[in-house]
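S.K.:
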C-alpha cells in the first residue's frame, strides 16, 4: 500500500471517528416565539430570558437523555402576521419538534391553523380562554385563565359581603377578556356590576372614570389592566379620596407595579401566581421549592426579579422536558405525553392535563396578595 | 423598440419569474414569506398610485387593508357569505368609504393631509379593537374560510402563493397601464403643480378622489386575500406602524415606480428574515440599512440602479 492511499484511508477513519459523537449528540430542537419587542414586550422579554435560562440549566446538567436542547427563538413583535411567518419558519426550516409561545392570545390564535396542520405540539404562554376551549389536539397553554383570577376575587368579595362593584378595564386584549369574565361571572356570586368603565392602554389620567365611580353606589372597585395604567388608577383613587377597597388583576403582579404606584399602592389586593410571594408560602406547598429556585436563579442571571410572566415559559420548557423524558422525542410522542402530564408543580400552578383539558390549572393556581409597606404579602384566607 | 413594447417584455419576464419561483423554493419556508411579499406588493403598488404618481401622502392605508380583511371576515364567518362574494363586497364597501372621505380629506395638503389620513387610520384601528362583538376585539377573529375555485382549495403555501400573485400581477399590470395612460399623465401633472394641472384642464379634485378610491379598493382586496389565506385576523396587523411600513416600502423602492414597489415590499419583508441571525441587533441593523438606503438612494432602489447604470455607461464612453 502506498503512503498516499494509506493517508487517504487514515483521513477517512479520522473523519468517521469525529462524526460518531456528532451524530450521537444531535440536539433536540425546540422553537420559541415571544414578543420580545413591540407592545407586549413586558411578557415576551421575561419569557425569552426564562426559557433561555432553563434550557441552559438543563444542558449544563446533562441535557435530555444525554442530548442537548437547542432553543430557536424568534421575535414576533406582538404581530400575528410576524407570528405566522416565524412559526412557518420554525416548522419548515428549523424543523423543531415542539414550539413554546407566543406571548399573546392574538398571535397564538393566528398560528393555531398552521400548528394543527403541521402536527407540532404548541405550548402557548398566552392566557386567552379561546386557546384551549374548545380543545385543539396539538395546542396546550401554561398561562392561567382570566376566569380563574376573576373567580378568586369574587370569592373574597362574597366573604366580605360586598355585592355592588365598579369595574374599570383597559381596552386591549387583556382588559376586554377580563371585562367579559367580570361581567359574566358576577351573577354566580350574587354580585352586581353597577359601573362599567374603560380606559385606553396609553391613557395617563383616569380621574374622569374614577370620579364617575365615586358617584356610584359601588362598594369595591376592580381595575383590570397591565402596567402602567393600573398604577395611575391607584394614584387617581387616592387623590380623589375614594375609600372603597381596590382590587386589581394578575396583570400587575410584579414589583414594578409597587414602584409605579408608590404609596397609592398600599392595601391593593389582587390574585397572583405564587411566585410573587414564594417566601411567605408554607413549607408544605409543593410549588415552594421550584418557585424560590426560579426567583433566585433569575435574579442572579438577569439582575431583576423573575415574575410570573417568565414563569409561563419556565412551565412550558419543563413540561416539554418531562414529556420528552417519559417518551420519545417525535412531535406525536411529545404531544401524547404532554396530554398525560399529571400533578406537575410549575411556577404558574399545579398542572393536570387530560384529553378534555389542555390548560391544566384550577383556581388554586392563584393566591390573593396585598401590598403592605411596599411589599407583596400573602392574604390569609 | 417603443416604450410600450418594452413594458410588455419587462412585465412578461417578471410574471414568468414569479411563476417559476415556487419551483425553486420547493418546501422552503420562504415560500410563505413570498406569499406575504405578494400581499405587501399589492399594497405598496396601490399606495404608490397615490403617493408616487399623484403626490398625495396617506398614513392610513393600513386601515383600508384592515377594513377589507374585517369586512371579508365578518361576512364569511357571521353571514355565511361565499368568500369570493365577501371579497367583492369588501372591496366595494371600502371603495365607497374612500370615495366619501376622499372629498374632504384630499382638500388638505402636505402635513395636514398626513394628519388627516393618520387620524382616519387610528379611528379605524380603535373601531377594530372596541367593537368586540363584531371583530372579536384585540385578540382577533379566527375561523375565516379559505378561498376555493372548483376543486382547488387555497389552503396550502403553494396554492396561496399562486392565488396571491395572480392578483398582485393583475394589480401591477393595471398600474403600469394606468401610469402610461392619459390619467397617469394627468396624475403626474398634479404631482408637479396642481395649479398648472388645473390650467391644462385636468379636474384635479375629482381625479385625486378617484385615484384615492382606486388605491383604497386595491388595498381592501389585499386585505380580503390576507384574511382568507391567514384565516385569522387581529387589529395588531392593521395599526399605524403598518401604515408607516407601507410608506417606507414605496419610498425605499422608488416613488412612481411599480417594480420599485415590489422591490421595496420584498426587501422590507425579507430583510428581517435574514437579519434574524443577528438576534437582538436585528432591529438596529434594519434601521441602519433603511437610513443608508434613503440617504444614498433618494430616488429609491430603482432610481439608484438607474443612476448606477448611467454612471457605468458614462465611464465606458469616457
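Chains as they are written, first to last, in the working numbering: chain A, 1 to 381; chain B, 1001 to 1318.
For each residue, glycine too, the CB sits at the ideal point set by N, CA and C.
Only a predicted model underlies this, so the values are computations on that prediction, with no experimental measurement involved.
1) Assign residue 53 of chain A to one of two classes, buried (16 or more other C-beta atoms within 10 Å of its C-beta) or exposed (fewer than that).
2) Please return the same chain residues whose Cβ sits closer than 8 Å to the Cβ of residue 183 of chain A, not counting the five positions on each side in sequence.
3) Secondary structure at residue 27 of chain A, three-state DSSP: helix, strand or coil?
4) What whole-angstrom Cβ distance do residue 244 of chain A and residue 281 of chain A have, given they're in contact under 8 Å?
5) If you measure beta-carbon to beta-carbon, which residues of the stretch 41-53 of chain A are closer than 7 Å to chain B?
6) Which residues in the same chain have their Cβ closer than 8 Å to the Cβ of residue 1278 of chain B, if we skip the five residues on either side of it in sequence?
7) Considering Cα atoms alone, identify which of B:1240, B:1246, B:1087 is closest to residue 1076 of chain B.
8) If the cut is a Cβ gap below 7 Å, which residues of chain B does residue 85 of chain A touch?
9) With DSSP as the reference, label residue 1164 of chain B as helix, strand or coil.
10) Kindly indicate if chain A contains any beta-carbon less than 7 Å away from that of residue 1138 of chain B.
11) Could you check how far apart the C-beta atoms of residue 1215 of chain B and residue 1080 of chain B are, in whole angstroms? I think they sit under 8 Å.
12) Verify whether the separation of the beta carbon atoms of residue 1146 of chain B and residue 1152 of chain B is less than 7 Å.
13) To the nearest angstrom, how far is the alpha carbon of residue 408 of chain A from that of residue 248 of chain A?
14) With which residues is residue 246 of chain A paired in a DSSP beta bridge?
15) Compute the distance between the beta-carbons of residue 1090 of chain B and residue 1068 of chain B, then report whether it is under 7 Å.
16) Count the CB pairs spanning the stretch 122-138 of chain A and the stretch 153-172 of chain A that are closer than 8 Å, and state whether there are at least three.
17) For residue 1130 of chain B, return the contacting residues in chain A, with the cut-off set at a CB-CB distance below 8 Å.
18) Assuming residue 225 of chain A contacts residue 251 of chain A (C-beta within less than 8 Å), just tell me the rounded distance between them.
19) Cα separation between residue 1243 of chain B and residue 372 of chain A?
20) Measure from the alpha carbon of residue 229 of chain A to the alpha carbon of each residue in A:262, A:212, A:246, A:201, then state which is nearest.
21) For the stretch 1005-1032 of chain B, which residues have a CB atom closer than 9 Å to at least one CB atom of chain A, in sequence order?
22) Identify each residue in the stretch 328-358 of chain A for which the Cβ-Cβ distance to at least one residue of chain B is less than 8 Å, and report them in chain order.
23) Which two residues bound the contiguous beta strand (DSSP E) that contains residue 285 of chain A?
24) Let me know the secondary structure DSSP gives residue 74 of chain A once reduced to three states.
25) Give me whichever residues DSSP pairs with residue 375 of chain A in a beta bridge.
26) Using beta carbons (cut-off 7 Å, strictly below), is residue 93 of chain A in contact with chain B?
27) Would you say residue 1148 of chain B lies against chain A (beta-carbon separation less than 7 Å)?
28) What does the alpha-carbon distance come out to for the pair residue 1171 of chain B and residue 1267 of chain B?
29) On the criterion of 16 or more Cβ atoms from any shown chain inside 10 Å, does residue 79 of chain A qualify as buried, or is it exposed?
30) Which two residues bound the contiguous alpha helix (DSSP H) that contains residue 209 of chain A?
31) What does a CB cutoff of less than 7 Å around residue 345 of chain A pick up in its chain, not counting 5 residues either side in sequence?
32) 7 Å is my cut-off, CB to CB: does residue 301 of chain A come that close to chain B?
33) Who are the neighbours of residue 203 of chain A on chain B, taking C-beta pairs under 8 Å?
34) Do residue 1350 of chain B and residue 1039 of chain B have their CB atoms nearer than 7 Å?
35) Can you find a C-beta in chain D that's less than 7 Å from the C-beta of residue 176 of chain A?
36) How many angstroms separate the CA atom of residue 1102 of chain B from the CA atom of residue 375 of chain A?
M.R.: Straight from the coordinates:
1) buried
2) 167, 193, 196
3) coil
4) The Cβ separation is near 29 Å, so there is no contact.
5) none
6) 1285
7) B:1087
8) 1032, 1033, 1036
9) helix
10) yes
11) About 30 Å separates the two Cβ atoms, so there is no contact after all.
12) no
13) As displayed, chain A neither begins before 1 nor continues past 381, which places residue 408 of chain A out of reach and without an answer.
14) A:221
15) yes
16) no
17) 171
18) 6 Å
19) 46 Å
20) A:201
21) 1027, 1028, 1029, 1030, 1031, 1032
22) none
23) It is not in any beta strand (DSSP E) - residue 285 of chain A carries neither H nor E in the DSSP assignment.
24) strand
25) A:372
26) yes
27) no
28) 19 Å
29) buried
30) 207-214
31) 286, 287, 290
32) no
33) Near residue 203 of chain A there are no residues of chain B at all, since even the closest Cβ is about 13 Å away, more than 8 Å.
34) Outside the modelled stretch of chain B, which goes from 1001 to 1318, sits residue 1350 of chain B, for which no answer is possible.
35) This model lacks chain D altogether, as its protein chains are A and B.
36) 55 Å
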